[in-house]
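In order, the protein sequence lines correspond to chains A and B.
Counted from 1, the first sequence has number 10 at position 10 by this note's numbering; the numbering is strictly sequential.
Counted from 1, the second sequence has number 800 at position 392 by this note's numbering; the numbering is strictly sequential.
We put the beta carbon where it would ideally sit given N, CA and C, even for glycine.
Just so you know, these numbers come straight off a predicted model, no measurement behind them.
Take a look at the structure below.
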Amino acid sequence: MDWGLLNLETTKGNPDICIRCATCMAICPVSRVSPAFPGPKQAGPGAERFRNPKDASVDDWTELCIGCHLCETVCSSGVGISEMNLLAKAKYLDEKGRSFRDWLLTHLHRFDPLASRLAALVNPLLKSRPLRWLLDRFLGIDQRRELPRYEYPSFRQWFRRRQSLKGRKVAYFYGCYTNVHDVDVGKAVVEVLEALGWEVVIPPQDCCGIPRLGNGDFPGAIKLGTTNISSFQGVIGQGMDIIFSSSSCGLMIRHEYGRFLALPGAGEVAARIFDLFEFLNKEAQGKTLAERLSPLPGKVAYFAPCHLRALDISLPALEFLRLIPQLEVELIKADCCGLAGAFGFKKEKYDISQAIGADLALAIRDINPDLVLSDCEGCRMQIHHLTGLPVTHPIQLLRDSLKGGHIS
Amino acid sequence: MHFDLIIIGLGLTGLMAARTAVEEGRKVLLVGRGTGSLCIFTNSIDVLAAGGDMTIKESVTRWVREQPHHPYAKAGWDNLEASLASFTALFPPPYSFASREGKNSLIPTGAGTMRTTYLLPESFLAGALADMEKTLIVGIEGFKDFHAEYVAHHLKCRGITVAIPREKGNVTNAAGLASLMDDPSFCGDFAGLIKKRIAGEASIGLPALLGFRSSSRALEIIRTETGCQVFEIPILPPSIPGMRIFHRFKEYLTMRGVSIIQGHAVESSLRQGKRCLGINVAQSPLTRTYTADNFILATGRFFSGGLQTDENRIYEPIFDLPILQPPARRDWFQRRFFAAGPHPIHGAGVLTDHELRPVDQGGNLLIENLRVAGSILTHHDSTEELSREGVALATGYAAAKWTGGC
């Protein structure tokens with residue numbers, strides 16, 4: 001990418017509106033646990049004043065920004081802190097070059113269909129200690145971190161093999177993880193929507209591109225985004241809204257396609273794509289649902305993912321969880337799980353990732369729930385890794401209540 | 409989406425208004441850009457410094473007799489009292505807030521001065537009671553926002569600086585240190601280091617960073633280990649005690665079903681005649697519109713963006729409400745920064761009627777379903793009066809009550 005031509009008009013790239021109040025320093029998950037990262041104030045607007053597109057990057061710590069966007073949620077001056085960091089990171093990595101591991105971690109979706117089909121073979125392999133040792137030693141994928149299991153059939157295959165109910169149509173962006181690692185989330189989305197009389201449509205879709213954006217790979221992210229937008233425009237043209245069940249994919253499509261990647265059609269798509277629960281709220285489905293939910297006696301702890309908070313739509317899942325009779329819902333009082341997508345899988349970053357999650361684990365221990373809920377697959381992986389507790393998507397619990405099930 | 413009440417501003421005023429409205433069962437949206445000045449300036453709850461040894465009720469009552477346009481005069485003592493009670497009720501022990509017998513207290517600050525304030529969090533209390541001659545002020549090596557020896561010099565006691573254990577890394581900012589203090593084992597080690605250096609002191613003063621979520625536990629650990637009374641001293645921004653207040657409100661409001669939009673600014677309002685219909689929140693590439701029956705503007709002053717300036721004037725960016733202000737820019741400040749008496753700019757703000765509805769200079773009502781609350785109001789100067797939190801709580805509370813028809 002030509003950094004000299006970077007169009008800062010698409011970003012809030014002015015460091016001088018920062019008044020150095022340091023509120024962001026109190027919420028940054030990384031600088032809170034690691035002195036290697038100087039924190040949003042310094043890494044963002046502070047360093048930005050010294051960056052020149054023509055000079056070589058010197059700030060190697062930009063790689064430690066996990067792109068959670070929490071700094072921006074507390075900034076009173078509206079500084080685009082994580083945007084500055086991401087652009088600096090991209091330039092730094094363009095100059096330094098990206099490792100094979102980082103390429104692999106951001107292109108895994110390409111192998112999903114094959115891995116899913118060979119799940120019976122792949123899963124034991126991913127658990128095998130010699131292979132994990134090799135991945136750790138030679139690629140730098142930390143062997144202490146569980147790798148997600150592949151499922152077969154995939155969500156897409158499951159969906160295609162069934163008879164869809166007819167009704168008012170809504171399109172669903174399920175995302176890579178739901179497709180091959182957490183098929184039940186996709187099933188729950190379809191089952192709840194169908195129970196409410198919606199017909200779910202699955203448009204053609206590729207990875208949203210957020211792993212590549214996080215790796216500073218703008219051309220890669222642009223390629224994926226362009227494919228998705230053209231598919232979305234098709235369903236929007238037929239009058240459909242689009243929903244997502246993964247907050248990170250949703251943030252990428254709704255906001256980053258436009259403000260970072262400046263993709264044509266991004267605005268049109270952003271106006272029609274909704275978080276699943278935000279959509280149910282918008283369509284006033286709460287009352288219909290409330291009448292049909294059966295009691296789920298038990299205690300659950302809900303964790304709001306950073307990217308849901310960055311979407312800045314309040315916490316719509318909570319409104320629906322509150323409708324479930326006899327369910328005690330507690331909010332987890334912690335800020336970030338620490339996994340941050342591929343970040344937590346990297347050997348050199350695993351310890352930071354775990355340190356960030358430590359207060360989350362403590363907060364969950366204080367609540368002592370039967371089940372933990374979160375809208376983000378990364379948070380679910382990390383919370384399970386930290387606590388050993390079962391962790392699901394809120395829609396799965398809503399489905400269970402709708403179908404008269406129990407807390408598993 | 410449609411709400412009963414939209415509150416613009418995520419500071420103490422907006423949080424108090426949201427609590428008041430949601431307790432009446434109203435559907436509330438709270439929207440603001442960032443966490444505002446609460447997490448910067450607020451440590452304890454100031455109400456009014458004037459009045460010496462009077463109770464706060466006596467001093468506020470006397471104050472409003474002399475200042476009939478002051479926000480306290482509009483909110484009234486009853487609303488101030490009710491708001492303080494509501495605030496206090498939100499913080500059950502151990503991290504509770506209290507005054508000393510309805511009167512102001514003096515607490516030590518990170519500048520080595522003594523400062524007047526009203527409600528103290530539990531962690532500040534021992535500072536108001538301490539015999540300074542028998543106090544040890546403790547700083548942390550590498551933490552540049554608090555210099556124990558400097559503070560101690562002014563308070564005429566002893567100050568020391570403690571190095572935190574190396575294996576904990578090189579964390580030297582308030583937030584990082586506060587999260588370390590949330591860990592009981594770290595806190596125990598830290599208390600052990602202090603204990604070794606006590607020389608007959610009876611109380612210990614530390615910078616106000618004893619944990620975000622477990623400050624009472626941190627306090628108890630240090631108290632038990634050292635056998636001394638322990639207190640926190642407010643320091644330079646950001647304010648960890650302010651963040652504790654923010655977190656507690658936010659958790660309460662979230663659980664009560666208040667919708668909170670925290671990261672994006674309100675760009676403009678939708679108006680029809682003398683009514684506000686909705687607000688627009690910009691989030692690239694979208695602009696989202698939220699509508700409501702009633703609105704409260706609590707966007708604060710210059711720091712939080714509630715008031716803005718250009719070369720010639722001070723203005724309010726969302727509704728363009730008239731601002732009572734000095735006639736020209738040269739009149740904003742006194743000639744000397746430390747001159748006696750206030751700088752006129754700090755008294756500038758939005759004009760309202762007796763029920764906090766915005767009016768023009770002629771007293772004509774401008775927007776009938778909008779109330780204005782908090783530090784953006786004119787006719788007060790919270791820096792001079794030490795009234796920041798009291799004005800926020802009283803007017804936030806009253807505005808929410810009045811929009812509900814009470």
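- DSSP places A/TYR150 in the coil class of the three-state scheme, outside both helix and strand.
- About 12 Å separates the beta carbons of A/PHE232 and A/PRO264, which is beyond the 8 Å limit, so they are not a contact pair.
- Sequence-distant partners of A/PHE155 (beyond 5 residues in either direction) whose C-beta falls short of 6 Å from its own C-beta, in its chain, are TYR174, THR178, ASN179, VAL183 and GLY186.
- Taking a contact as a CB-CB distance under 8 Å, the pair B/PRO750 and B/LEU759 does not count as one, their CB atoms being some 18 Å apart.
- Boundaries for B/ASN688: no alpha helix (DSSP H) harbours it, while the beta strand (DSSP E) harbouring it runs 683-691, taken from the DSSP string.
- Taken in chain order, the whole beta strand (DSSP E) runs of length 3 or more contained in the segment 252-318 of chain A are 273-275 and 298-303.
- Rounded to whole angstroms, the separation of the alpha carbons of A/ILE19 and B/PHE710 is 11 Å.
- When the five nearest sequence neighbours on each side are left out, the beta carbons in the same chain lying within less than 7 Å of the beta carbon of A/VAL189 are those of TYR172, SER245, LEU276 and ILE395, in order along the chain.
- In the DSSP assignment, B/TYR698 forms a beta bridge with B/ILE687.
- Residue state for B/ARG625 is assigned as helix, using DSSP reduced to three classes.
- Around the Cβ of B/ALA538, a 10 Å sphere holds 16 or more other Cβ atoms; the residue is buried.
- For B/PRO646, the neighbours in chain A by C-beta distance under 8 Å run, in chain order, CYS21, ALA22, THR23, MET25 and ALA26.
- The segment 98-110 of chain A makes contact with the segment 133-151 of chain A: 3 or more CB pairs, one atom from each, lie closer than 8 Å.
- Secondary structure of B/MET522 (DSSP, three-state): strand.
- When secondary structure is reduced to three states using DSSP, B/ILE668 falls in the strand class.
- In the structure shown, the three-state DSSP call for A/GLN143 is coil.
- Among the CB atoms of chain B, none fall inside 8 Å of the CB of A/ASP241.
- Look at B/ASP590: its C-beta is under 8 Å from a C-beta on chain A.
- Contact of A/GLY44 with chain B is not assigned, every C-beta pair being separated by 8 Å or more.
- A contact is defined here as three or more CB-CB pairs under 8 Å, and the segment 203-215 of chain A meets this definition with respect to the segment 238-253 of chain A.
- Not flagged as an interface residue toward chain A: B/THR811, since no C-beta distance is shorter than 8 Å.
- With fewer than 16 other beta carbons inside 10 angstroms of its own, A/PRO130 counts as exposed.
- According to DSSP, B/GLU793 shares a beta bridge with no other residue.
- The three-state secondary structure of B/VAL579, taken from DSSP, is coil.
- Cβ-Cβ distances below 6 Å link A/ALA195 to LEU402 in the same chain, with the five nearest sequence neighbours on each side left out; the list follows chain order.
- Residue environment analysis places B/ILE453 among the buried positions, since at least 16 neighbouring C-beta atoms fall within 10 angstroms of its C-beta.
- Taking a Cβ-Cβ cut-off of 8 Å, the neighbours of A/LYS333 in chain B comprise ARG621, HIS655 and GLU659, given in sequence order.
- Secondary-structure assignment with DSSP links B/ILE414 through a beta bridge to B/LEU437 and B/PHE703.
- If you check each beta-carbon in the segment 689-715 of chain B against every beta-carbon of chain A, the ones closer than 9 Å belong to VAL689, GLN691, SER692, PRO693, LEU694, ARG696, GLY708, PHE711, SER712 and GLY713.
- Inclusion of B/ALA800 and B/GLY419 in the CB contact set at 8 Å is warranted, their separation being smaller than that value.
- Interface annotation, B/GLN670: in contact with chain A, CB-CB separation under 8 Å.
- Following the DSSP letters along the chain, one finds B/GLY567 in no alpha helix (DSSP H) but inside the beta strand (DSSP E) bounded by residues 566-570.
- Along the segment 68-83 of chain A, going in chain order, the ones with a CB nearer than 7 Å to a CB of chain B are GLU72, THR73, VAL74, CYS75, SER76 and GLY78.
- In the three-state reduction of the DSSP assignment, B/VAL638 falls in the strand class.
- B/ARG427 sits in a helix when the DSSP states are folded into three classes.
- By the Cβ neighbour-count rule, B/ALA582 is buried, with 16 or more other Cβ atoms within 10 Å of its own.
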